[in-house]
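Visitor: What follows is a structure written as structure tokens; I'll ask about it next.
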Amino acid sequence: MAKAPGLYAPVLRDSIADLYRDPPIGQRLTVEGWIRTRRTTRAVSFAELQDGSTLRALQVVLPHDKIPRDQIEADLHTGAGVQVWGQLVETPDRPQPFELAAEGYRLYGPADPASYPLQKKQHSLEFLREIAYLRPRTRTFQAVFRLRSGVSFAIHQYFQERGFVYVHTPILTPSDCEGAGQLFQVTTLPLGAVPRRADGTVAFEEDFFGRPAYLTVSGQLEGEMLAMGLGRIYTFGPTFRAEPSHTPRHLAEFWMIEPEMAFYDLERTMDLAEDFLKYLIRYALRNHYEELAFLTERYEPNLLAELESTKESAFLRLSYTEAIEILTRS
283 MAKAPGLYAP
293 VLRDSIADLY
303 RDPPIGQRLT
313 VEGWIRTRRT
323 TRAVSFAELQ
333 DGSTLRALQV
343 VLPHDKIPRD
353 QIEADLHTGA
363 GVQVWGQLVE
373 TPDRPQPFEL
383 AAEGYRLYGP
393 ADPASYPLQK
403 KQHSLEFLRE
413 IAYLRPRTRT
423 FQAVFRLRSG
433 VSFAIHQYFQ
443 ERGFVYVHTP
453 ILTPSDCEGA
463 GQLFQVTTLP
473 LGAVPRRADG
483 TVAFEEDFFG
493 RPAYLTVSGQ
503 LEGEMLAMGL
513 GRIYTFGPTF
523 RAEPSHTPRH
533 LAEFWMIEPE
543 MAFYDLERTM
553 DLAEDFLKYL
563 IRYALRNHYE
573 ELAFLTERYE
583 PNLLAELEST
593 KESAFLRLSY
603 TEAIEILTRS
């Protein structure tokens, strides 16, 4: 672990996001993260530091009279993991509100610029799919996973505030749950020599469970059973579908939300569904606007506008017959 010249490292801050929420201007502090970019002038070097807590980076100024330029150029490449300490300085005349005037740094993990695949330019999703282990370093995946984390929390918050019980339904199951979709079968039988009965059928009695087992397509069956005693329950967990449709609109694995309520009629169920979706949208706009704004700018120009419109609009409700008539005419 290389250490550049400088004073001792002062108290460690929680995250770069903390600095943006309540910047301790004038204080000495320590931050840790990865170098996003670095550029060098004659007197100073500038590095953008990210730590995954926010899409915004912290600009670090490294004066060459305190930290030798040749050491900076040898250590601080894109992707390097570092600890940096210094004073947080306000910068009202620059794009960023403040910067860290570095006094020293510690190199945790170097990054070879000749082989490190992430660069300053925007990378395609196809390219990032080939380097899945580094995708979380990109702002795209940071935005998606922070947004998903927040919305997952909001799902639980919504149902818990309304007296629902969170239940864990089986992932391994013998049932097809009302024929909801094709199933992935789970077995410990040796595929190269599957045991068979005299009639040629598979001898599942020799399998782990003694009968066929599958990955769940839905927790509905268990959820309905539990609702008959607990009143109102919800499931939120992984679901698997084996339809051979390899398109951007089909997933073999996803997380599904399934509320089950005793004594609810169709009208109350629709009220719950509409209120639930609007709750999640409001939560995301209030708590993850930064991520939504980034995704709007980068990928979906109408995303924010559509979310704002949806949370304020009443959902149109049609009978089954009306829906069929519309489809027939279209």
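Residues 283 to 612 in our numbering are what the sequence shown spells out, letter by letter. All C-beta atoms, glycine included, are put in the ideal place defined by N, C-alpha and C.
Can you tell me where the beta strand (DSSP E) with Glu372 in it begins and where it stops?
Guide: Taken as a continuous stretch (DSSP letters only), the beta strand (DSSP E) holding Glu372 covers 363–372.
Visitor: Determine the extent of the alpha helix (DSSP H) in which Arg611 is found, giving its start and end residues.
Guide: Arg611 -> alpha helix (DSSP H) spans 602–611.
Visitor: If we call anything under 8 Å between Cβ atoms a contact, is Leu331 one with Val343?
Guide: Not closer than 8 Å, so no.
Visitor: Taking the alpha-carbon of Leu465 as reference, which of Pro472, Leu471, Thr455 has the nearest alpha-carbon?
Guide: Out of Pro472, Leu471, Thr455, Thr455 has the C-alpha closest to the C-alpha of Leu465.
Visitor: How many Å lie between Leu301 and Arg419 at the Cα?
Guide: Approximately 20 Å between the Cα atoms of the pair.
Visitor: Nearest to Pro526 by CA position, among Val426, Val484, Gly361, Glu535, is which residue?
Guide: Residue Glu535 is the option with its Cα nearest to Pro526.
Visitor: Tell me which residues share the same chain as Ala284 and place their Cβ nearer than 6 Å to its Cβ, disregarding the 5 neighbours each side in the sequence.
Guide: Below a pLDDT of 50, predicted positions are generally treated as unreliable, and Ala284, at 49, falls in that range; the measurement from the model is reported next regardless. Excluding residues within five positions, the ones whose Cβ falls inside 6 Å are Leu389.
Visitor: Residue range of the beta strand (DSSP E) that Thr388 falls in?
Guide: One detail in the question is off: residue 388 reads as Arg in this sequence, not Thr. Element bounds for Arg388: 380–391.
Visitor: How many angstroms separate the CA atom of Arg514 from the CA atom of His532?
Guide: Near 30 Å, if we compare the C-alpha coordinates of His532 and Arg514.
Visitor: Name the two residues that bound the continuous beta strand (DSSP E) containing Glu540.
Guide: Taken as a continuous stretch (DSSP letters only), the beta strand (DSSP E) holding Glu540 covers 535–543.
Visitor: What residue range is occupied by the uninterrupted alpha helix (DSSP H) comprising Tyr440?
Guide: Here the alpha helix (DSSP H) through Tyr440 covers 421–443.
Visitor: Are there 16 or more other CB atoms within 10 angstroms of the CB of Tyr571, so buried, or fewer, so exposed?
Guide: Answer is exposed; the Cβ neighbour count stays below 16.
Visitor: Cα-Cα, which of Ser601, Tyr581, Leu585 is closest to Phe423?
Guide: Measuring from the Cα of Phe423, the nearest candidate turns out to be Tyr581.
Visitor: Could you tell me the alpha carbon to alpha carbon distance between Gly445 and Leu337, rounded to whole angstroms?
Guide: When rounded, the distance between both Cα atoms is 35 Å.
Visitor: Between which two residues does the alpha helix (DSSP H) harbouring Gln404 extend?
Guide: No alpha helix (DSSP H) contains Gln404, which DSSP labels as neither H nor E.
Visitor: With 16 as the cutoff for other CB atoms within 10 Å, does Glu504 come out buried or exposed?
Guide: Counting Cβ neighbours within 10 Å, Glu504 comes out buried, since at least 16 surround it.
Visitor: Taking the continuous alpha helix (DSSP H) assigned at Gln309, which residues delimit it?
Guide: From DSSP, Gln309 is part of no alpha helix (DSSP H); its letter is neither H nor E.
Visitor: Does the stretch 432–452 come within contact of the stretch 339–358, defined as at least 3 CB pairs closer than 8 Å?
Guide: Result no; under three Cβ-Cβ pairs closer than 8 Å.
Visitor: Whose C-alpha, out of Ala555, Glu487, Phe518, is nearest the C-alpha of Gln502?
Guide: It is Phe518.
Visitor: I'd like to know if the stretch 361–375 and the stretch 303–320 are in contact, where contact means that at least 3 CB-CB pairs between them fall below 8 Å.
Guide: The answer is yes - the stretch 303–320 touches the stretch 361–375, with three or more Cβ pairs under 8 Å.
Visitor: In terms of DSSP beta bridges, what is Gly519 paired with?
Guide: Paired residue(s): Met538.
Visitor: Looking at C-alpha atoms only, which residue of Trp537, Glu506, Ala509, Asp304 is the closest neighbour of Pro520?
Guide: Of Trp537, Glu506, Ala509, Asp304, the residue nearest in Cα terms is Trp537.
Visitor: Whose C-beta lies closer than 7 Å to the C-beta of Ser297 among residues of the same chain, with five residues either side of it excluded?
Guide: Closer than 7 Å at the Cβ level, and outside the excluded window around Ser297, lie Asp333, Ser335.
Visitor: Please return the same chain residues whose Cβ sits closer than 6 Å to the Cβ of Pro345, not counting the five positions on each side in sequence.
Guide: Excluding sequence neighbours, Pro345 sits near Val326.
Visitor: If you draw a straight line from the alpha carbon of Gln378 to that of Pro305, how long is it in whole angstroms?
Guide: Cα to Cα, the separation comes out at about 12 Å.
Visitor: Can you give the beta carbon distance from Leu562 to Ala425, rounded, assuming they're within the 8 Å contact cut?
Guide: Between Ala425 and Leu562 the Cβ distance is about 17 Å, and since that is not below 8 Å, they are no contact.
Visitor: Whose C-alpha, out of Val499, Ala339, Ala383, Asp375, is nearest the C-alpha of Asp347?
Guide: Among Val499, Ala339, Ala383, Asp375, the Cα nearest to that of Asp347 is on Ala383.
Visitor: Quick check on this structure: which residue in Arg310, Phe380, Trp367, Phe558 has the alpha carbon closest to the alpha carbon of Leu340?
Guide: If we check each option's Cα against that of Leu340, Phe380 comes out closest.
Visitor: Measure the Cβ-Cβ separation of Gly368 and Arg310 and say whether it is below 8 Å.
Guide: Contact: yes.
Visitor: Considering only C-alpha positions, which residue in the set Tyr387, Leu429, Phe522, Pro392 is nearest to Ile453?
Guide: Of the listed residues, the one whose Cα sits closest to Ile453 is Phe522.
Visitor: Would you mind working out which of Glu549, Ala480, Leu586, Leu429 sits nearest Leu598, comparing C-alpha positions?
Guide: Here the closest residue by C-alpha is Glu549.
Visitor: Tell me, which residues are paired with Pro345 by DSSP?
Guide: Note: Pro345 sits in a beta bridge opposite Val326.
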